[in-house]
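Below is one structure, written out as structure tokens, with a few remarks after it.
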Amino acid sequence: MATKRHKPARSAPVEKRQAERRVRARRESDAGDGGRIESGAVVVTGICGRLGRRLARHLHRERPVIGLDRRAFDGKPKDIEHHTIDVRRKKARELFRRPDIGALVHLGVMHDPRLGAEDHHTWNVIAFQKLLEYVERYDVPKLVLLSSANVYGPRPDNPQFIGEDAPLLGANRFSDIRDLIELDMLAQSFFWRNPRTETVILRPTHILGKVQNAPSNYLRLRVVPTLMGFDPMMQVVHQDDVVRAVRLALRPGVRGIFNIAGPPPVALSRAVKMLGRSTVPVPHTLARAGVERLWRWHMTSFPAPELDFIRYVCMVDDSRAREVLGYRPKFDLASTLEAVDEERWV
Amino acid sequence: MPARTALARLGDVAAEDVLPLVSRLWGGTRRSLDELAVRLVGPDFEERARLLQARYVDAGGDPFGLDLQTAKYALMTCAFFHRLWFRTEVRGIEHVPEGRALLIANHSGQIPIDGAMIGAAVYLDHDPPRMIRAMVEKWSQTLPFVSTFFSRVGQVVGVPENARRLLTMGELLLVFPEGTRGISKPFTRRYQLQEFGNGFMRLAIETESPIIPVAVVGAEEQYVNLGNVKWAARLLGMPAFPMIPQVFLPGGQMPLPTKYRLYFGEPLHFHGDADEDDAVIEEKVQLVRQTIQSMINRGLKERKSLFF
């Protein structure tokens with residue numbers, strides 16, 4: 008009796024699994040994964056972000072691009088297919104069933120320190136876990152995650168250049184980075200579990216340009232506050248260099264973790280001087296207390312623990328990207344820094 | 042509101058009188074410092090700074106934050122002690138190669154003036170001028186100004202990755218394998234080498250860098266340490282608490298103007314496996330240690346007077 012009751016309930020998943028096997032078989036009969044990686048459609052999550060738009064612009068001329076974002080894509084090029092849906096929805100899953108999907112680029116890591124840690128965590132981790140599930144189930148041959156060099160964290164005992172195998176200690180002092188570290192770890196374990204998918208994790212340093220991230224916003228300030236007596240070396244990278252790194256990561260045969268850095272490192276004070284801004288040195292104890300208060304009063308978008316980024320070094324060794332990926336930054340220091348002042352994207 | 046007008050007036054005074062005065066004073070001090078520098082360190086100092094600058098600028102700047110404009114002032118202080126205070130005699134500086142090398146020296150003198158003097162020697166007496174790189178305590182990076190100063194004068198955080206990178210960049214790395222055991226020796230144990238650490242040997246083998254043994258004679262007598270007070274050191278969290286009676290005399294805080302003698306030995310080359318057992322590495326370390334000890338002994342025998 009027990010078996011009888013269970014049978015009809017089970018048949019649906021069985022059918023589904025059979026359907027999936029058919030999809031898989033059809034994919035395997037294609038010209039091989041290499042061809043699909045090279046010319047198959049690229050699903051880009053978070054395509055409506057500033058970096059996502061730039062990537063889409065570069066990519067859509069060569070191959071089909073499918074956007075996946077909760078936001079609407081204004082001014083979208085005609086040949087880009089965009090779905091304004093949450094990746095956790097069933098419709099997103101249907102998308103990955105299509106046999107022409109060649110790669111997934113996950114840019115949709117949300118970083119809004121104002122949002123509660125809980126919402127943040129749920130959205131970031133659950134969404135990425137769902138995506139990994141789709142990639143695994145429907146055999147998407149390529150996965151690119153845009154992580155960040157911030158996962159290593161600025162620390163007084165950092166080596167000057169951190170390698171890819173270093174522990175991710177960024178959340179020690181700055182808990183908001185926890186989501187990103189978790190995503191990075193998830194992608195790493197996925198890399199080992201699923202050799203059929205070429206998994207690439209990119210960890211770029213401070214991205215500068217029209218993007219709305221903390222380092223760009225910081226350098227856009229009219230008067231740049233610095234910590235008195237601290238002047239760490241730092242690395243910056245132009246947004247278009249990051250876009251190029253993503254495109255290089257999409258080539259067949261590339262897998263693993265890559266640190267991405269731009270032009271040679273520069274002292275913070277020199278970078279600010281090159282931009283023609285004036286600085287206000289603030290003692291670090293005062294700065295911390297001050298920023299904490301401003302943060303509580305909603306007068307700044309910089310959480311206080313981020314001050315460590317202008318106190319200690321957090322630079323990466325990008326030799327692996329240079330050797331394996333063939334990546335070279337195209338923008339020199341001056342043009343990378345000046346990118347923060349470019350006219351904002353319409 | 043009298044308080045507010047007083048404040049405003051104070052602000053005016055600060056903006057109109059004090060600020061230009063301070064900036065003029067600062068400019069003046071800076072100019073006179075520059076002049077003093079030329080007189081102190083010779084006319085080729087600037088030329089040397091330019092030569093050194095070229096070395097780093099061509100490579101797109103130093104990734105560790107060495108800034109020769111700032112380092113110049115530190116080097117001037119070193120030059121004063123090197124040329125006038127200690128009247129350092131330097132022998133065998135030609136053994137220092139143009140490329141990468143590990144400088145291994147004995148550590149002495151309660152405060153690390155010996156490192157600064159070795160730095161001054163390779164800058165002022167070596168052709169072409171070189172910059173010495175050494176490793177500093179991680180803790181120093183949390184201190185304002187100190188951290189910036191160290192990185193501007195070319196000191197790096199003491200982690201093995203940094204040492205490896207400096208050597209592959211072709212730099213000169215100064216290591217005191219005795220560590221604090223050496224520097225805080227009491228006067229009775231002067232010129233007796235303490236135990237050496239093994240890390241430098243593994244580094245030399247791994248990066249195939251030559252080892253230049255360096256003997257410093259004259260630093261032991263700059264501060265006479267009658268003995269270390271263990272409980273005070275423990276209480277203050279310091280590696281050692283030396284008893285130096287001279288610091289209570291007027292002017293005794295400065296080191297005694299002994300004559301420094303720096304001996305640079307011939308390069309030693311070591312090969313093999315960097316991950317070898319401690320016992321094998323130890324043997325090679327002992328070889329370096331004995332070389333330095335015999336260089337010290339020779340220097341002491343040659344020395345006629347402590348101060349001349």
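As they're listed, the protein sequences go chains Z and W.
Our numbering runs 7 ahead of the 1-based position in the first sequence.
Our numbering runs 41 ahead of the 1-based position in the second sequence.
Don't be surprised by glycine CBs; every beta carbon is placed ideally from N, CA and C.
Looking at chain W, which residues of the segment 268 to 292 of chain Z have a Cβ within less than 7 Å of any of its Cβ atoms? Per Cβ criterion, the list reads Pro-271, Pro-272, Ala-274, His-291.
Would you mind sorting Z/Glu-140 into buried or exposed? The rule is 16 or more other CB atoms within 10 Å of its CB. If you number the first sequence from 1, residue 140 of chain Z lands on position 133. Flag for Z/Glu-140 reads exposed.
Please name the residues in the segment 198 to 213 of chain Z whose beta-carbon is closer than 7 Å to at least one beta-carbon of chain W, in chain order. Result list empty, no residue passes.
Roughly how many whole angstroms lie between the Cα atoms of Z/Leu-187 and Z/Val-320? Residue 187 of chain Z sits at position 180 when you count from the first residue of the first sequence. Residue 320 of chain Z sits at position 313 when you count from the first residue of the first sequence. The straight-line gap from Cα to Cα measures roughly 19 Å.
As assigned by DSSP and simplified to three states, the class of W/Glu-130: Your numbering for residue 130 of chain W matches position 89 in the second sequence. Of the three classes helix, strand and coil, the one that applies to W/Glu-130 here is strand, per DSSP.
Report back the beta-carbon spacing between W/Tyr-304 and W/Gly-340 to the nearest angstrom; my notes put them in contact at under 8 Å. Numbered from its first residue, the second sequence carries residue 304 of chain W at position 263. Numbered from its first residue, the second sequence carries residue 340 of chain W at position 299. About 6 Å; that satisfies the 8 Å criterion.
Using a Cβ-Cβ cutoff of 8 Å, what residues of the segment 230 to 257 of chain W are near chain Z? List them in chain order. Result list empty, no residue passes.
For W/Pro-201, the first and last residue of its enclosing alpha helix (DSSP H): Locating residue 201 of chain W in the second sequence gives position 160, where the first residue counts as 1. 201 to 209 is the extent of the alpha helix (DSSP H) around W/Pro-201.
With a threshold of 8 Å between beta carbons, is W/Gly-102 in contact with chain Z? In the second sequence, counting from the first residue as 1, residue 102 of chain W sits at position 61. Cβ-Cβ to chain Z under 8 Å: yes for W/Gly-102.
Status (buried if at least 16 other CB within 10 Å, exposed otherwise) for Z/Pro-174: In the first sequence, counting from the first residue as 1, residue 174 of chain Z sits at position 167. Exposed: under 16 other Cβ atoms inside 10 Å.
Does DSSP put Z/Glu-109 in a helix, a strand or coil? Numbered from its first residue, the first sequence carries residue 109 of chain Z at position 102. Going by the sequence as given, residue 109 of chain Z is Gly instead of Glu. Z/Gly-109 falls in the strand class under three-state DSSP.
Test: W/Asn-203 CB closer than 8 Å to a CB of chain Z: Residue numbering aside, residue 203 of chain W sits at position 162 when the second sequence is read from its first letter. True, the Cβ-Cβ gap to chain Z drops below 8 Å.
For Z/Ser-36, which residues in the same chain have their Cβ closer than 7 Å to its Cβ, ignoring the five residues on either side in sequence? Reading the first sequence from its first residue, position 29 is the one you call residue 36 of chain Z. Note that Z/Ser-36 scores a pLDDT of 48, beneath 50, so its modelled location is shaky and nothing firm can be said.
Hey, W/Leu-109 and W/Ala-90 are a contact pair by Cβ (cut 8 Å); roughly how many whole angstroms apart? Within the second sequence, the letter at position 68 stands for residue 109 of chain W. Within the second sequence, the letter at position 49 stands for residue 90 of chain W. Approximately 6 Å separates the beta-carbon atoms of W/Leu-109 and W/Ala-90; this is inside 8 Å, confirming the contact.
If you draw a straight line from the alpha carbon of Z/Ala-124 to that of Z/Val-116, how long is it in whole angstroms? To locate residue 124 of chain Z, count along the first sequence from 1; it is residue 117. To locate residue 116 of chain Z, count along the first sequence from 1; it is residue 109. C-alpha separation (whole angstroms): 14 Å.
Counting contacts by CB-CB distance shorter than 8 Å, is W/Val-200 in contact with chain Z? Translated into positions along the second sequence, residue 200 of chain W becomes position 159. Taking Cβ atoms only, chain Z reaches closer than 8 Å to W/Val-200, which makes this a yes.
In the DSSP assignment, what are the bridge partners of W/Phe-305? As a first step, residue 305 of chain W must be located in the second sequence, where it is residue number 264. Per DSSP, the beta-bridge partners of W/Phe-305 are W/Val-255.
With a cut-off of 8 Å, do at least 3 Cβ pairs link the segment 194 to 208 of chain Z to the segment 216 to 224 of chain Z? Of all C-beta pairs linking the segment 194 to 208 of chain Z to the segment 216 to 224 of chain Z, fewer than three are shorter than 8 Å, placing the two stretches out of contact.
Within the 8 Å Cβ cut-off, does W/Lys-179 reach chain Z? Position 138 of the second sequence, counted from the first residue, corresponds to residue 179 of chain W. It does: the Cβ of W/Lys-179 has a partner Cβ on chain Z nearer than 8 Å.
W/Pro-61 (DSSP reduced to helix, strand or coil): For the purposes of this step, residue 61 of chain W is taken as residue 20 along the second sequence, with counting starting at 1. Here W/Pro-61 sits in helix by DSSP.
Buried or exposed by the 16-neighbour rule on C-beta atoms within 10 Å, applied to Z/Gln-242: Residue numbering aside, residue 242 of chain Z sits at position 235 when the first sequence is read from its first letter. The residue in question, Z/Gln-242, is buried, as its Cβ has 16 or more Cβ neighbours within 10 Å.
Between the alpha carbons of Z/Ala-3 and Z/Leu-257, how many angstroms are there, rounded? Residue 3 of chain Z is absent from the model: chain Z starts at 8 and stops at 353.
Can you find the residues in the same chain that come closer than 7 Å, C-beta to C-beta, to Z/Arg-100, ignoring five residues on each side of it along the sequence? One-based indexing of the first sequence puts residue 100 of chain Z at position 93. Result list for Z/Arg-100: Tyr-141, in chain order.
Buried or exposed by the 16-neighbour rule on C-beta atoms within 10 Å, applied to Z/Val-323: The sequence position of residue 323 of chain Z within the first sequence is 316, counting from 1. Under this definition Z/Val-323 is a buried residue.
Taking Z/Tyr-319 as the query, report the chain W residues whose CB atoms sit under 9 Å from its CB, ordered along the chain. Here residue 319 of chain Z refers to the residue found at position 312 of the first sequence. What Z/Tyr-319 touches in chain W: Gln-182, Thr-183, Ser-188.
Opposite Z/Gly-74 in the DSSP bridges: which residues? Within the first sequence, numbered from 1, the residue matching residue 74 of chain Z stands at position 67. Partner(s): Z/Val-51, Z/His-89.
Z/Phe-181 vs Z/Glu-349 beta-carbon contact at 8 Å: The residue given as residue 181 of chain Z occupies position 174 in the first sequence. The residue given as residue 349 of chain Z occupies position 342 in the first sequence. Taking 8 Å as the Cβ cut-off, Z/Phe-181 and Z/Glu-349 do not qualify as a contacting pair.
Starting from W/Met-176, trace the alpha helix (DSSP H) in both directions and tell me its first and last residue. What you label residue 176 of chain W is simply residue 135 of the second sequence in a count that begins at 1. No alpha helix (DSSP H) holds W/Met-176; the beta strand (DSSP E) holding it covers 173 to 177.
Using a Cβ-Cβ cut-off of less than 7 Å, give me the residues of the segment 164 to 176 of chain Z that come near chain W, in sequence order. Going along the segment 164 to 176 of chain Z in chain order, one finds Asp-164, Pro-166, Gln-167, Phe-168 with a Cβ nearer than 7 Å to chain W.
Are the C-beta of Z/Leu-344 and some C-beta of chain W separated by less than 8 Å? In the first sequence, the residue the question calls residue 344 of chain Z occupies position 337. Not closer than 8 Å to any Cβ of chain W, the Cβ of Z/Leu-344 fails to qualify, so no.
Of all the CB atoms in chain W, is at least one closer than 8 Å to the CB of Z/Gly-297? Position 290 of the first sequence, counting from 1, holds the residue named residue 297 of chain Z. Residue contact check for Z/Gly-297 against chain W: no CB pair falls below 8 Å.
Interface flag, W/Arg-206 vs chain Z, CB-CB below 8 Å: If you number the second sequence from 1, residue 206 of chain W lands on position 165. True, the Cβ-Cβ gap to chain Z drops below 8 Å.
Suppose you measure from the CA of W/Leu-74 to the CA of Z/Arg-277; what does that come to, to the nearest Å? Along the second sequence, read from residue 1 onward, the residue named residue 74 of chain W stands at position 33. Along the first sequence, read from residue 1 onward, the residue named residue 277 of chain Z stands at position 270. If you take the alpha carbons of W/Leu-74 and Z/Arg-277, they lie about 24 Å apart.
I need the DSSP call for Z/His-305, collapsed to helix, strand or coil. Here residue 305 of chain Z corresponds to residue number 298 of the first sequence, with the count starting at 1. In the three-state reduction of the DSSP assignment, Z/His-305 falls in the coil class.
Are the C-beta atoms of W/Val-197 and some chain Z residue less than 8 Å apart? Translated into positions along the second sequence, residue 197 of chain W becomes position 156. Yes, because at least one Cβ of chain Z sits closer than 8 Å to the Cβ of W/Val-197.
Please list the residues of the segment 235 to 247 of chain Z that have a C-beta atom closer than 7 Å to any C-beta atom in chain W, keeping them in chain order. Contacts with chain W (Cβ-Cβ distance below 7 Å) from the segment 235 to 247 of chain Z involve Met-235, Gly-236, Phe-237, Asp-238, Met-240, listed in chain order.
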